[in-house]
Amino acid sequence: MVSPENEKHWGRMEYIAIMPHKSFEIKDGFCDEDGNINPSLPVSKGTIVFAQTASGTLVEFKMFYSSEKEIETIVKMGFEQGIAACLEQLEALFQENKI
């Protein structure tokens, strides 16, 4: 990830379970450029579920943290802006029928 100030940040996502075309579960955290998790930052677990609807695809995205303090840390780091950008990219892929 590259910030608006051109700062580089790395993330590591481990896939815990994958059900093709249905869902996947992840463990997600910040790391260094070699993939070593940063122990001073929160690590989350998440589920992403895809469901076909009459008008397209519904994506349910849930992230879980161990404490409210971890959520506050992530929000202060810009999580809301970052996840909004990711979801916009996902929507664009759906619109282009690439996934």
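FYI, in our numbering the residues of the sequence shown are 14 to 112. No residue lacks a Cβ here, since even glycine has one placed at the ideal position from N, Cα and C.
Buried or exposed, going by whether 16 or more other CB atoms sit within 10 Å of the CB of residue i?
{"i": "I87", "result": "buried"}
{"i": "P17", "result": "exposed"}
Measuring alpha carbon to alpha carbon, tell me which of the options ends up nearest residue i.
{"i": "D45", "options": "G91, R25, A97 and E81", "result": "R25"}
{"i": "V56", "options": "T66, I96, G42 and V62", "result": "G42"}
{"i": "E83", "options": "T70, C99, L71 and K58", "result": "K58"}
{"i": "G48", "options": "A105, E27 and F92", "result": "E27"}
Based on the DSSP output, what are the partners of residue i in its beta bridges?
{"i": "S108", "result": "What sits at residue 108 in the sequence shown is Gln, not Ser. Partner(s): none; Q108 has no beta bridge."}
{"i": "D41", "result": "M26 and S57"}
{"i": "I31", "result": "F37"}
{"i": "I50", "result": "C44"}
{"i": "A64", "result": "L71"}
Return the first residue and the last residue of the beta strand (DSSP E) that residue i is part of.
{"i": "K75", "result": "G69 to F77"}
Between which two residues does the alpha helix (DSSP H) carrying residue i extend?
{"i": "I87", "result": "E81 to K89"}
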